[in-house]
Amino acid sequence: NAGVTQTPKFQVLKTGQSMTLQCAQDMNHEYMSWYRQDPGMGLRLIHYSVGAGITDQGEVPNGYNVSRSTTEDFPLRLLSAAPSQTSVYFCASSYVLNSPLHFGNGTRLTVT
Amino acid sequence: SQELEQSPQSLIVQEGKNLTINCTSSKTLYGLYWYKQKYGEGLIFLMMLQKGGEEKSHEKITAKLDEKKQQSSLHITASQPSHAGIYLCGALNYGGSQGNLIFGKGTKLSVKP
């Protein structure tokens, strides 16, 4: 049972480049979400999904896209990377919306 | 929207000492979650509290939710180096993103052997 798997672990991008952060869970969880963690700001919600085919915006969605074509996968796309998107990104999932979240180990992204 | 404030921001204790971390909400808490994070890793779920006055314990960690459901505390008894890390409280946000978890900024705990 792998839990929540995030790839890659580290990534360096140049301004303007695009990329996709991958997130997969094998617990058959309906709810998945993406957070970013920044010093002094804590964890902030980017996007979330309550089930396959359903996504919604969180607190800081600008510059990011998501899709949920399967229950297992919830990729986060950076359309045109900016230095302000330098952060640690966490994917999380739970059985339903208000169940305890299970977190991946994070992706550390640097945009130069 | 709802905000969570944690105190202290950081804490250094001698091994064997007790300590308490507090989490105060700007609105009534309908679900309060405690997580622990080690550097470079994701968050590990510790405990969830829902009812006013509720108290839960796991090994040497006890979490309480006050009767008014606006403050929670996390108490560690006889701290060990393995307790070191960042402790975060999270709460269901019934403001902006309906039903999603919002988090405090965390309390960094260091335990000196």
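As they're listed, the protein sequences go chains P and S. Just so we're aligned, residue 2 is where the first sequence starts under my numbering, counting upward by one. Just so we're aligned, residue 788 is where the second sequence starts under my numbering, counting upward by one. In this text, a Cβ means the ideal position worked out from N, Cα and C, and glycines have one as well. Quantities reported herein were computed from a predicted structural model and do not represent experimental measurements.
C-beta contact flag for residue i and residue j at 8 Å
i: K753(S); j: G872(S); result: The structure shown does not extend to residue 753(S), since chain S spans only 788 to 900, so no value can be given for it.
i: A82(P); j: T6(P); result: no
i: L80(P); j: Y90(P); result: no
i: V902(S); j: E802(S); result: Outside the modelled stretch of chain S, which goes from 788 to 900, sits residue 902(S), for which no answer is possible.
i: L830(S); j: L798(S); result: no
i: K823(S); j: L833(S); result: yes
i: S70(P); j: A53(P); result: yes
i: N809(S); j: S794(S); result: yes
i: A878(S); j: L791(S); result: yes
i: M28(P); j: G4(P); result: yes
Exposed unless 16 or more other CB atoms sit within 10 angstroms - verdict on residue i
i: A25(P); result: buried
i: Q867(S); result: exposed
i: F11(P); result: exposed
i: E842(S); result: exposed
i: K851(S); result: buried
i: H845(S); result: exposed
i: V112(P); result: buried
i: T108(P); result: buried
i: Q38(P); result: buried
i: L888(S); result: buried
i: N880(S); result: buried
To be precise: take each residue of the stretch 795-826 of chain S, compare its Cβ to all Cβ atoms of chain P, and keep it if any distance is under 9 Å. Which residues remain? Cβ contacts with chain P: Y817, G818, Y820, Y822 and Q824.
Chain P contacts made by the stretch 869-883 of chain S, where a contact means CB separation under 8 Å: So the list reads L875, G877, L879 and G883, given in the order they occur along the chain.
Hey, which unbroken runs of the beta strand (DSSP E) at 3 residues or more fall wholly within the stretch 11-55 of chain P? If we require 3 residues or more, the beta strand (DSSP E) runs fully inside the stretch 11-55 of chain P come out as 11-14, 20-26, 32-39 and 43-52.
Three Cβ pairs or more, each shorter than 8 Å: is that satisfied between the stretch 800-818 of chain S and the stretch 851-862 of chain S? With three or more CB-CB distances shorter than 8 Å, the stretch 800-818 of chain S counts as touching the stretch 851-862 of chain S.
Taking one C-beta from the stretch 102-110 of chain P and one from the stretch 84-94 of chain P each time, how about it: are there three or more such pairs within less than 8 Å? Touching, yes.
Residues of the stretch 8-35 of chain P whose Cβ lies closer than 8 Å to any Cβ of chain S, in chain order: From the stretch 8-35 of chain P, only S34 have a Cβ closer than 8 Å to chain S.
Could you name each continuous beta strand (DSSP E) segment of 3 residues or more that falls completely within the stretch 832-857 of chain S, going from the start of the chain to the end? Taking only runs of at least 3 residues, the beta strand (DSSP E) segments lying wholly in the stretch 832-857 of chain S are 842-845 and 848-852.
Residues of the stretch 77-92 of chain P with Cβ closer than 7 Å to any Cβ of chain S, in chain order: The residues in question are F91.
Check distances from the C-beta atoms of the stretch 100-113 of chain P to those of chain S and list, in chain order, the residues that come in under 9 Å. In summary, the residues of the stretch 100-113 of chain P whose CB is separated from some CB of chain S by less than 9 Å are S100, P101, L102, H103, F104, G105, N106, G107 and R109, in the order they occur in the chain.
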